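Enquirer: In the order they appear, the protein sequences are chains A, B, C and D. Position 33 of the first sequence, counted from 1, bears residue number 33 in this note's numbering, the numbering being contiguous throughout. Position 109 of the second sequence, counted from 1, bears residue number 211 in this note's numbering, the numbering being contiguous throughout. Position 126 of the third sequence, counted from 1, bears residue number 942 in this note's numbering, the numbering being contiguous throughout. Position 96 of the fourth sequence, counted from 1, bears residue number 1421 in this note's numbering, the numbering being contiguous throughout. No residue lacks a Cβ here, since even glycine has one placed at the ideal position from N, Cα and C. This structure is a prediction, so every number in the text was calculated from the model and none was measured. Pasting a structure below so you can have a look.
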Amino acid sequence: MNVGLPHFLTVGAILFALGLFAVMSRRNAIGILMGVELMLNASNINFVAFSRYVEHAVDGQIMAAFVIVLAAAEAAVALAIVLAMYRNFGTANADIAQRLKR
Amino acid sequence: MSDNAILTSALIILGLPLLSYVLTFFFGKKLPRKGDFIGVTFMGAAWLLAIRIFLTFWKIADPSYRVEASFTWIDLGGFHLDAGVLVDGMTAVMLMVVTTVSFFVHLYSTGYMHGDRRYERFFAFLGFFTFSMLGIVLSNNLFFLYVFWELVGLSSYLLIGFFFHKHSAANANKKAFLTNRVGDYGFWLGILTFFTTCGTLNYFELFAHVHAGTIGGHLLAWAGVGLFMGCVGKSAQMPLHIWLPDAMEGPTPVSALIHAATMVAAGVYMVARLFPLFGPTALMVVLYVGSITAFVAATIAVVKTDFKRVLAFSTLSQLGYMVMSLGAGDSVNAMYHLTTHAMFKGLLFLTAGSVIHAVHSQEITDMGGLRRKMPITFWTFMAGTLALSGVPGFAGFYSKDGILGSALAFGMTDGHYIPFILGILAAVLTPFYMFRLTFRAFFGKPADQERFDHAHESPWNMTVPLIVLGFLSIASSGFKTADEGWFSRFAAPYDLPAVAAQFDLSTPPAVHGLVVAHHRAAPDISAVAEHETGGHETGGHEAAVEHGEGHGEHAAHEAIHHKAHVRAMIMSILMVILGIGGAWWVYFLHKLDPASLQRRLKGVYTVLQGQYFFDEFYAATVYRFTLWWAAVCAGFDRYVIDGIVNGTGYLTRMMSWASGLFDRYVIDGMVNGVATVLQGAGEGFRRLQTGRIQTYLVYSSASVLVLILVYKVL
Amino acid sequence: MELLNLNIPSWSDMASWIPEAVLAGTFLVALVGDLVVRGRRTWLPFAITVFGLVTAGSYAVAAVLHADPTAHSIMGKLMVVDGMAGFFRLLFIFTGLATVLFAWTSEEIMGHKRENKGEFYYLTALMTLAMCVMAEARDLLMLFLSMEGVGLVSYVMAGYMRTSLRSTEASLKYVIFGAVSSAIMLYGLSLLYGMTGSLTFAGIRAGLLAGAANPFGLLTAAVLILVGMSYKIAAVPFHYWAPDVYEGAPTPISALFSVGPKAAGFALMIRFFYTTLAAGNDPATGSTLIADFNWPLLVAVMSAATMIYANLVALRQTNVKRLLAYSSISHVGYILMGFVLLTGQGLQAILFYLLVYTFMNLGAFFFVVAINNHLKSEDLQDYVGLGFRAPWAGAMMVIFLGSLAGIPPFAGFVGKLYLFTAVMDKQWFWLVIVAAVNSVIGLYYYFKVVKAMFLTRPAEGADTSPLKLHWLQYTVLGVLTVPTLVLGIYFGQFKALADQAIALMTVHM
Amino acid sequence: MGEHILSWMTFFPVIGAAVIAFIPSERKEIIKTVAAAAAAVPLILAVQLFVNFDRGTAAMQFVEHYTWIKSFNIEYFMGIDGLSVPMVLLTALLSFLCIIASWNIAKATKGYFALFLILEAAMMGVFCALDFFLFYLFWELMLLPMYFLIGIWGGPRREYAAIKFFLYTLAGSVLMLLAMIAFYLNVQDPTTGGHTFNMLYMMDQSNHSQWLQMTNIRHLLWIGLFIGFAIKVPIFPFHTWLPDAHVEAPTAVSVILAGVLLKMGTYGILRISYPILPDAAVWFSYALAIMGAINILYGAYCAMAQTDMKKLVAYSSISHMGYVLLGMAAFTTAGINGAVLQMFNHGTITAMMFLCVGVVYDRAHTREINGFGGLGMQMPLYTSFFSFALFAAIGLPGLSGFVSEAMIFIGAFPVYRTVAMISALGIIIGAAYVLWMLQRVFLGPKNDKWDSLPDINAREMFTLVPIGIIVLVLGVYPMPVLDLMRVSLNHLIKVVAG
């Protein structure tokens, strides 16, 4: 069988779902961030696949490249914040952070 | 006197008291003698002018002669209200009456009110009252009649409440004003009805309209009843009579001027003046109200021991007579009795004042034997009493007799005898209670020695008015009945055809002959009037002649009528003798102890002493209901209207599952209601806002899916 | 070959990009400057930033006044500088400048125990730059880049007070929520790209008009993208982060957040959705594309939900800062009204409202900052009697709140009037009525603050000494008050500005 | 000031307020003087207006018409006709007297007078504006100063009363706003063909769009406008803000509230609702008449149950505004003229009453009716003034209240006989609660508690006498005012009832 666009999309969709699930379920901030990474990469797969099958150009791939970079940056910032939080709360569990609840 | 002269002097008469009011009210305190002389002199002048007008009309001797002038008061283009002056015989007489009594009361007050701390105010108010009363007399249309009507009410309010530091006075004047307002309500509606149907309020134009049938049937009847309500209020007829006895809280001169001679007569004057506007139905009401009042009041007067109150109830009953006479279709004798009554009742109150002044008490139980101490007062009082009792030769006799005659005639022609019977019974009671008063107060031994010793005759400025009025109360009748005597020069029954002729409306329908006809069919005053007054009136007679019809019935009715008058005269004379005799028997010879009588007729006595418990009745029903209802409205406003949104509030609360915070505010009003509800909603939503990130994410993603699904469906 | 897009652009076009260039420079210089002084002499980065913003601002003003009808494409098809971009650029730079100036006097930013104070300034410059780019992006790549840029900066700023629990927590929430929603959006973008095979807005429109997409796919993509953008503008149901972040972050930063990123988000939404969905269709019939999947109802519901929710919650707030946070959410609801039909009239109304909103909202937040300096509190009870302790500032606050509540003669009213008119013109009566009712509710909580400041008598022994505000604070507040008043009675020119911005928005090429 | 007289009347107080803002707050005397001066100028201009006003035409006069905001077709369009003139005069007079009456405001004097002047400007504007947007602007501009005047200088429950007043009115005016926008979008400016806020164009039915000609739409819009105005009047059941606001507000503000603000409701109906939607007006007229009757009786009964003088007067206002509604509903010459005259008269009379209540409140610091008694002995002069006002209120002939009430009944009776008959009961109930209060406060034995109360002073008399004279003069000869309005109002009737 030859691999076509649908397969890529399916993989992407599955990745996205997994990522979303991780985000919902994980209590640890790091875990949540990993979920986010999954979701971003799901999109990346889509982009690359589409650029190959639909547009027949490299725009999508460029996009993907940028996304990867951004994901890294985002992760950096996020981890810094998680670190700060760990310093302040002594844990990296997101649901500790409920001080602002009124 | 030329027409213009008449009008001018009429206006001057109207203006003088007003001027006196303004001067005394604003500058009284600064003037010497607190400016009482202003009032007296001005009224004197007015009196002289009134005499002049009176004489002029005496010379003219034509009741249908009138001088009228009006100007546009409000003009909106398409709508206008006029103000105007009307002077005719009836006006002339009323002017005479009002100015005379007013002048002498002014004079009398300089003595009676001497040293009162609001002396100048008293004269100011007297002036104001006189002004408004004259306004009633002179106005030529209903609107301004109503205007002055109300002003009279105000001045009466002010004067009754002159000693307002007494609770009784404060209550009395409020009561008087409100009771009158009730009457005025009907009066005002009546006026509105006439204005909206006829488009005018000028008396004679209205007559013409009525005659032409612009307004008739039920409408006319109701309008008439409405107008009469005004009379019921002002002239203290049942069931609105309750205010008059209490009005005695005012200073005695006020009682004399306002609550005996003039203001209370305004109602009678009004009905007499507007006589043609009263349909048969209305007149029937008038007749019964009048006669009942006449009798009931008289019965109460018998048991009262307060000097002024006895007189007050006698006033009620006399007013009843006048109204009864109007109801019987005899406006002329009503006016005649009004005139004579003004004289002797004014006199009686002034003498009462003089007595109270001397004894410092109003209770006849504190009096006795005063005739030796104060002869002038006594003799003048006797004059008044005799006149009121209707002793032949005194003024009251002729007028009252005329009224009884008409009542009887009406009964004979129309079958309604009850009014006449009530009238006759009252005619027994009147001399009885008057002489009861006389014997208790002026004869016998003094009940209270030390009061008696202090008693003394009043100063000249109080006795002079007594003497003058005493003379008038004997002579004011001219010793003749209305239709034979001087009065016929001033007042004649209305001659509608003549009126109609002036305003070229549809030619008047044929004149019916009989009172019966009058009371059953459309009002045709001329016929009625002429028959009831013996028929040799200029106006009425010509009217009948020129629409020459039904001479046969005419004659027949005239006969009935004559018979009626003769019988009435005989009966009333008998009654007088009976009454005086009774009083003599009980209170002079003491053949019968009234106390024992009281004991024996306990029930009757209590009812009479309690004035038939009208006040209690009203207190239990009208007042209580009104206050209760007011409270209900206020509560409704506070709690229901102000909390009305709580219904919506409830829904919103359900919608936003807010906690019970809301209830606290339920009562507290629409705005709070909503506010709280919304706050409640906020509370609810805030639960969503748990600070947990995951929950946020769940909510958001969930709503994404929802969005997609929703829009898939849509 | 799309690679050509990345050619070195022509200078004539770059000339119109000077403000952004200046901002970028400012950021770098201020950064270096701060490193040089090691965060001790804070005036240096402050001065640099102010200077940079002023310079950029003057260029931006010049551009707007010049009203150049031609659109300049920057970096090929990635960005475009046109009327609308110019308008927003001005807005952002003004916001940045005002924030920086006010922050200079804010205890929260400049307090003694703060280290790295300079950081705030160059980050603001960077954020301004990113926001400008958001308004100019016309390509999915740039769209994502700019949004992430703004996001990243905001995350850092939200956590400005490293040692403060509230601040850290706020930034954590912000970053996680932001990351997730942008990831979701990115997925939507990828779908859109897949359906149309183009990254440029114009290309996407062309593709859609050519019928490349089936309604459901389009709906899914649109909704997913909308998620990301609603998150930026904090519209219900993607607003959850906003109140916490606004409350947690230092107030000047909250002020910046409540205006800047919101406006930028709207700019992006306008350009993206208008270009892809609405433009080029017959204006009379609205558009066929958006009719395909009931776009108006989608937005209308969102708008109504935002208004109602935010207003109801705001009613109960006792912390002024948090109250203002919810109020800013509710205003998103109002603004979305103009978005319902993607008509020129509506978009113009949005732009004008954003203009007004910038002034009044910044003003309200800055007042809170100024008071916080003295009271160290944003609690309503502590506001009692403020009106008499600082009359002038109090009066200005009343003006801001009145304007937020939308009562004449303040600018807020005019903004609402335009929105209402735009919606009513298309006869969406229920939406207008919802909005009307909400503005009444709004009045209640805005005037809770006024009531505390003026009506309630302070308790016995409470401190009623007059408060002396920094002259700079008075100046900035004054600068914000004037337009809030003037735009209420004389708004012709400014409305013209907004209209022009929309008119000059390029959708083709 | 010649041709811009209206603008001067409207904006001079604003200038005054601006000046006051820059006077140091401890210079109270100067502040008061400036305020009085700033309020006096409109009064003088009002006199000039009264003299120069052309009574012969129904057209707008002293018109000022300038383009304001071109893009939105908003114009600065001021002008007055017979309907607005009496209101303008009333506003000028009462504002000035109120400034005098609030001379002894001690707390935050500066703010008080500044706000008061802004309030005056707003009221003037409402009565002069002929552009709907302008009208709405002034209409709302009133709220803020009023909110503060009640809320800062008011009585114990002032915070509640202030926000209640604010929310009520805003809720109403928001509906008006929507109606306004609907008109704007659906009325065509015949000259330019674009939308317009110009009321005169709106009144011309031929400019209305198809949509706006649909009957149920018109009825809907009428209701919207009506509620907006009804809350101001206030018409039962939208009235509950009034007792609170009147009672809590300081004396002068209550005077303005009752004297001028209430009139804006009826003015709005006559100026906007009637001519723009005549058919709807006719459709609604019977309901209006009934509401009038309800107001009259309900207000009177509620007043009777009050024990707070000010609350009693407040409810009496509700009752008296009922007469206005009754007259308006009749569409007869006497009715409408009477209604507008009643608006003017109630303005003066109720002002007197509130001022009098204020006088005794300043001295005794209570308004509890049953707490007094026998004041007639203690303060005879004051008693005369208050009684004068009260008798004017119960429509005593010779005082202005009677004339308007009589005209209203004459106008309404032929149209709504039953309603009018029921309403006429008001003259009894009205007398009842007024006299009862009069008795409890002034008559009866003197209550020694009040031995120390001084009688009314010169300043207070200065505020009362002018109004008193007006009330008396108009009672004796009302033409001076009727003359101003009759032509315009008759024209209005022609427009509405054909």
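#1: Taking 9 angstroms as the CB-CB cut-off, is B:I769 touching chain D?
#2: Just checking: is the beta-carbon of D:G1647 within a distance shorter than 9 angstroms of some beta-carbon in chain B?
#3: Report yes or no: is there a C-beta of chain D within less than 9 angstroms of the C-beta of B:P382?
#4: Does the pairing of the segment 234-241 of chain B with the segment 114-125 of chain B give three or more beta-carbon distances under 8 angstroms?
#5: Going residue by residue through the segment 424-479 of chain B, where are the continuous alpha helix (DSSP H) segments of at least 4 residues, counting only ones entirely within it?
#6: Measure from the alpha carbon of C:A1165 to the alpha carbon of each residue in D:D1379, D:F1397, D:A1346, then state which is nearest.
#7: Residues of chain D with CB closer than 7 angstroms to the CB of C:M1123, please, in chain order.
#8: If you measure from the beta carbon of C:P1274 to each beta carbon in chain D, is any gap under 9 angstroms?
#9: Please list, in chain order, the chain G residues whose beta carbon lies closer than 7 angstroms to that of B:F727.
#10: From B:A612 to B:A314, what distance separates their C-alpha atoms?
#11: Suppose you measure from the CA of B:T510 to the CA of B:G525; what does that come to, to the nearest Å?
#12: Since B:D503 is in the beta strand (DSSP E), which residue starts that stretch and which ends it?
#13: What is the DSSP secondary structure of C:T1016, reduced to helix, strand or coil?
#14: Inspect the CB distances between the segment 1058-1071 of chain C and the segment 916-925 of chain C and report whether three or more fall short of 8 angstroms.
#15: Between A:I68 and chain C, is the shortest Cβ-Cβ distance under 9 angstroms, so that the two count as touching?
#16: From C:I1041, C:L1025, C:G1010, pick the residue whose C-alpha is nearest to that of C:S997; which is it?
#17: Mind listing the chain D neighbours of C:T1237? Cutoff is C-beta to C-beta under 8 angstroms, in chain order.
#18: Buried or exposed, going by whether 16 or more other CB atoms sit within 10 Å of the CB of D:M1501?
#19: How about B:L329 and B:L379: are their beta carbons less than 9 angstroms apart?
#20: Which residues does DSSP list as the beta-bridge partners of D:V1512?
#21: From C:Y990 to D:S1610, what distance separates their C-alpha atoms?
#22: Please classify C:W1244: does DSSP put it in a helix, a strand, or coil?
#23: Hey, does A:A72 have any beta-carbon neighbour from chain C nearer than 9 angstroms?
#24: Going by beta-carbon coordinates alone, are B:G392 and B:M424 separated by less than 9 angstroms?
#25: In the DSSP output, what is C:L1303 paired with across the bridge?
#26: Give the range of the beta strand (DSSP E) segment to which C:H1190 is assigned.
#27: Return the bridge partner residues of D:Y1401 from the DSSP annotation.
#28: Would a check of beta-carbon distances place D:S1534 closer than 9 angstroms to chain C?
#29: Which same chain residues end up closer than 6 angstroms to D:A1628 when comparing Cβ atoms and leaving out the 5 residues on each side of it in sequence?
#30: Below 8 angstroms on the Cβ atoms is my guess for C:A872 versus C:V838; work out the distance and round it to an integer in Å.
#31: Using only the alpha-carbon positions, how far apart do B:P595 and B:S427 sit?
#32: From B:K665 to B:F512, what does the alpha carbon distance come to, in whole angstroms?
#33: Is it buried or exposed for C:A1120, if we count other Cβ within 10 angstroms and need 16 for buried?
#34: For D:L1651, return the contacting residues in chain B, with the cut-off set at a CB-CB distance below 7 angstroms.
Expert: So, from the data block:
#1: In this predicted model, B:I769 has a pLDDT of only 27, less than 50, meaning its place in the structure is not dependable; the value taken from the coordinates is given anyway. Using a Cβ-Cβ cut-off of 9 angstroms, B:I769 does not count as an interface residue toward chain D, since no Cβ of chain D sits closer than that to its own.
#2: Chain B contact via Cβ: absent.
#3: It does not: the Cβ of B:P382 has no partner Cβ on chain D nearer than 9 angstroms.
#4: Segments in contact, yes.
#5: Runs found: 433-461, 472-475.
#6: The candidate whose alpha carbon is nearest that of C:A1165 is D:F1397.
#7: Listed along the chain, the chain D residues whose CB falls inside 7 angstroms of the CB of C:M1123 amount to none; the nearest CB is some 14 angstroms away.
#8: For C:P1274, the answer is no, since every Cβ of chain D falls outside 9 angstroms of its Cβ.
#9: Of the protein chains in this structure, namely A, B, C and D, none is chain G.
#10: Note that B:A612 scores a pLDDT of 33, beneath 50, so its modelled location is shaky; the value from the coordinates is reported in the next line. Looking at the two C-alpha atoms, the distance is approximately 12 angstroms.
#11: With the sequence shown as reference, residue 510 of chain B is identified as Leu, and Thr is not the correct amino acid for it. Taking the Cα positions, B:L510 is about 9 angstroms away from B:G525.
#12: Per DSSP, B:D503 belongs to no beta strand (DSSP E); it is in the alpha helix (DSSP H), 497-516.
#13: When secondary structure is reduced to three states using DSSP, C:T1016 falls in the strand class.
#14: Verdict: yes, contact present.
#15: Among the residues facing chain C, A:I68 is not included, as its CB has no counterpart in that chain under 9 angstroms away.
#16: When each option's Cα is compared against that of C:S997, the closest is C:I1041.
#17: Using a Cβ-Cβ cut-off of 8 angstroms, C:T1237 is close to I1506, Y1509, L1510 of chain D, given in chain order.
#18: Under the 10 Å beta carbon count, D:M1501 is surrounded by 16 or more other beta carbons and is classified as buried.
#19: The criterion of a C-beta distance shorter than 9 angstroms is satisfied by B:L329 and B:L379.
#20: Paired residue(s): D:H1533.
#21: Their Cα atoms are separated by approximately 59 angstroms.
#22: Here DSSP, grouped into helix, strand and coil, assigns C:W1244 to coil.
#23: Taking Cβ atoms only, chain C never reaches closer than 9 angstroms to A:A72, which makes this a no.
#24: Result yes, Cβ atoms of B:G392 and B:M424 sit closer than 9 angstroms.
#25: Answer is none; C:L1303 lacks a bridge partner.
#26: Not the beta strand (DSSP E): C:H1190 falls in the alpha helix (DSSP H), residues 1160-1191.
#27: Note: D:Y1401 is bridge-paired with D:Y1391 in the DSSP secondary-structure output.
#28: At a cut-off of 9 angstroms between beta-carbon atoms, D:S1534 makes no contact with chain C.
#29: The beta carbon of D:A1628 sits closer than 6 angstroms to those of L1637, Y1640, S1641, Y1758, all from its chain and outside the five residues before and after it, given in chain order.
#30: Between the beta-carbon of C:A872 and that of C:V838 there is about 4 angstroms, and that keeps the pair under the 8 angstroms contact cut.
#31: A direct Cα-to-Cα measurement between B:P595 and B:S427 gives close to 13 angstroms.
#32: Answer to the nearest angstrom: the Cα atoms are 12 angstroms apart.
#33: By the neighbour-count definition (other C-beta atoms within 10 Å, threshold 16), C:A1120 is a buried residue.
#34: None at all; the shortest Cβ gap to chain B is about 13 angstroms.
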